[in-house]
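Quick notes on the structure that follows.
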Amino acid sequence: MFSNLEFFIVEALRSFRRGALMTVVAIGTITVTLVIFGVFLLLVVNLGNIVGNVSSGLDIAAYVDEPISLEQAGAIQLELSKLSGVEKVDFISRAEAWKKFQEDFGEKLEIGEVIQDNPLPHTFIIKVRTPDLLPKIAQIVSQKSAISEVRYSGKLIDQMRSLVGVVRVGGTILVILVTFATLLIVVNTIRLTVLARETDIYIMKLVGATNNFVKYPFIIEGVLIGIIGGVLAFIILKISYDSVIFQVSSALPFLPIVAGGFILGIIYSVMVFAGTALGMLGAYISVSRVLKAEF
Amino acid sequence: MIQLINVSKTYPNGIDVLYNINLNIGKEEFVFIVGPSGAGKTTLMKLLYREERPSSGKVIVDKVDVAELTVDQVPYLRRNIGIVFQDYKLLPKRTVFENVAFALRVTGAPRSSIRRKVMQALELVGMLRRANAFPDELSGGEKQRACIARAIVNNPPILLADEPTGNLDPTTSWDIIQLLDKINKRNTTVIVSTHNKSIVDDMKRRVVAIENGRVVRDQMLGGYNV
Ligand SMILES: Nc1ncnc2c1ncn2[C@@H]1O[C@H](COP(=O)(O)OP(=O)(O)OP(=O)(O)O)[C@@H](O)[C@H]1O
Ligand SMILES: [Mg+2]
């Protein structure tokens, strides 16, 4: 096997050059597929991230506009936590909230220069036991004299969660369909290069080449097509996504976009790997089919 | 060495080509297969290296029933059978040397031995001088010599030549037949199909005549006609 490697690679490159146009088409389709695949992965990862970052769907935020003392806050906290259906109540003073906000977004916005005074209210985070309790408890809480405003995002969160579900299912279906279409194109591309070399294959088989021996050069060709497609897709997606990161983080700085690290590395390598696999599988299928038709 | 027992062949399109052929060819024999165009000579050869399978009957090569071989075993059958074609079937973008080496490379032969064996084969067919020429730079006779070199480079015990002189002038044809005779004398079973009357008559070897898919004559030291 190893002593034949050079032969296989030389043969693969020969064929690769000969079928230039179709090779370009195959690389192009693999690239497009992988970009779609990559966009889908990024979408899922980001939506998941957003949903995960927004406070839980069981939380009610109750705001207090007037300045209150810590004792008063403690009393209200105790009162709220006694309501039936409430699991726990946290108090976040406006100073704490401001500090956290500055930590989270201060750098991006240079917020200290824009806003001098702390605009945030005191906040109670009320965690309820089940989502259906949200409206009732919110109603009761809003009637307390100290509370100026009540908000809960239960529905929104639910909707976002189901959006993530839809994207996941729809995207998976889309990716599968596109992958099949691509496989078909790769299979046909390699088939053309196989058919263009029918005489070669015929002679190889006459002089006693095994089927595997005939296959290797084409499979290497497929792998080559796949790797090139994968790397192109990686480059395109990386450039586009980097610019998306830049745009989003300046326009919507509070959106927790996935901007780097481990998970992106995985997505990008999965793309190149999937391209390679696609090229290899396509080549294998087509050359096997042609060889079966041979004698 | 080669046995055909009650062999018939019908192509998938329904054309009956061979009927109930019985034939025995011994080790190191030299056999001419003659007969009119369409008689089934090429089909008979294809049965031997399993480009085709018999519709019924047995084809036995070197004690092995060829039809029984698995796909994985067929290549090893073919490594024992050198094949020479009327149209040479040389790869046009490769030199003579590469064409001959190709037959060794696809069998996974070690690089070190390839060069030596190719040179020996080219020497035997008298093509050492033209080793670096491409097929379209060769005369018909030279192409056939290259084709023969490729067929024997593996030292197969059997050599099949399907109308090897079909495209050659009489003198060149004679040279090629002499070459096949020389190979036969190096302990190779040689089977040659031909329409060339004078060669068959001059060589005085075994002749198997096929007409309409039947063996109509099998004669030692025969001629082209009865
Ligand atoms: N692959 C095939 N499929 C169907 N019919 C075929 C096939 N190959 C050959 N035939 C038919 O089988 C018959 C015998 O063909 P074959 O090539 O064996 O004859 P031949 O004796 O070699 O003729 P020639 O002297 O012209 O080479 C012909 O009628 C031909 O049309
Ligand atoms: Mg013929």
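First to last, the sequence lines map onto chains A and B.
The first sequence runs contiguously to residue 299 in my numbering.
The second sequence runs contiguously to residue 227 in my numbering.
A virtual CB, placed ideally from N, CA and C, is assigned to each residue, including glycine.
Cut-off 7 Å between Cβ atoms - residues of its own chain near residue i, not counting five sequence neighbours on either side
i, result
"E53/B", "K10, T44, K47"
"E91/A", "K131, V132, R133"
"I232/A", "I31"
"L70/B", "R51, L78"
"S174/B", "T166, N197, I200"
Below-8 Å beta-carbon distance, residue i vs any chain B residue
i, result
"M164/A", "no"
"D246/A", "no"
"A200/A", "no"
"V211/A", "yes"
"N8/A", "yes"
"T27/A", "no"
"F11/A", "yes"
"T197/A", "no"
"F217/A", "yes"
"F299/A", "yes"
"T35/A", "no"
"T186/A", "no"
"T214/A", "yes"
Sub-8 Å separation of residue i and residue j beta-carbons
i, j, result
"I64/A", "A142/A", "yes"
"V101/B", "V85/B", "no"
"G212/A", "P76/B", "yes"
"A66/A", "T127/A", "yes"
"N81/B", "I159/B", "yes"
"S140/B", "E164/B", "no"
"G214/B", "D17/B", "yes"
"A68/B", "I211/B", "no"
"I40/A", "V179/A", "yes"
"F238/A", "V107/B", "no"
"V48/A", "V171/A", "yes"
"G234/A", "V190/A", "no"
"R258/B", "L78/B", "Residue 258/B cannot be examined here, being either before or after the span of chain B that is shown, 2 to 227."
"T186/A", "L46/A", "no"
"V209/B", "V201/B", "no"
"V291/A", "I224/A", "no"
"N50/A", "V274/A", "no"
Proximal residues to residue i (C-beta, below 6 Å), its chain only, five neighbours per side dropped
i, result
"G167/B", "Q87"
"L241/A", "V39, G42"
"K86/A", "none"
"Y156/A", "I64, L138, A142"
"D219/B", "V209"
Whole-angstrom C-beta distance between residue j and residue i, which should lie under 8 Å
i, j, result
"I178/B", "I26/B", "Wrong, their Cβ atoms sit about 18 Å apart, outside the cutoff."
"V35/B", "L19/B", "Rounded, the Cβ-Cβ distance is 15 Å, inconsistent with contact."
"T37/A", "T193/A", "Wrong, their Cβ atoms sit about 13 Å apart, outside the cutoff."
"E29/B", "N188/B", "5 Å"
"P221/A", "E10/A", "Going by Cβ atoms, the distance from P221/A to E10/A rounds to 11 Å, so no, they are not a contact pair."
"M128/B", "R146/B", "5 Å"
"L105/B", "C148/B", "So it is not a contact: roughly 15 Å between Cβ atoms."
"V32/B", "L49/B", "With a Cβ gap of about 12 Å, V32/B and L49/B do not count as contacting."
"V154/B", "N215/A", "That pair is no contact at about 22 Å."
"L84/A", "V182/A", "Contact doesn't hold; Cβ gap of about 52 Å is too wide."
"D133/B", "T172/B", "Before going on, a small fix: residue 133/B reads as Asn here, not Asp. About 26 Å; that fails the 8 Å criterion."
Beta-ladder partner(s) of residue i, from DSSP
i, result
"S9/B", "S57/B"
"A162/B", "V85/B, V193/B"
"Q4/B", "N25/B, I61/B"
"V107/B", "None; V107/B has no bridge partner."
"D63/A", "K131/A"
"D94/A", "I129/A"
"F33/B", "V193/B, V208/B"
"Y156/A", "I64/A"
"Q220/B", "V208/B"
"R215/B", "E212/B"
Short CB-CB distance (under 8 Å) between residue i and chain A
i, result
"K118/B", "no"
"L92/B", "yes"
"P76/B", "yes"
"R146/B", "no"
"G109/B", "yes"
"V126/B", "no"
"I84/B", "yes"
"V72/B", "yes"
"E52/B", "yes"
"A104/B", "yes"
"Y79/B", "In the sequence under discussion, the amino acid at residue 79/B is Arg, which differs from the Tyr named in the question. Taking Cβ atoms only, chain A reaches closer than 8 Å to R79/B, which makes this a yes."
Other residues of its chain near residue i: CB distance less than 8 Å, five sequence neighbours each side excluded
i, result
"A99/A", "N122"
"S88/A", "none"
"I205/A", "V198, V218, V294, L295, E298"
"D176/B", "G142"
Contact with chain C by residue i, beta-carbon distance below 8 Å
i, result
"I207/A", "The chain labelled as chain C is not found among the protein chains of the depicted structure, namely A and B."
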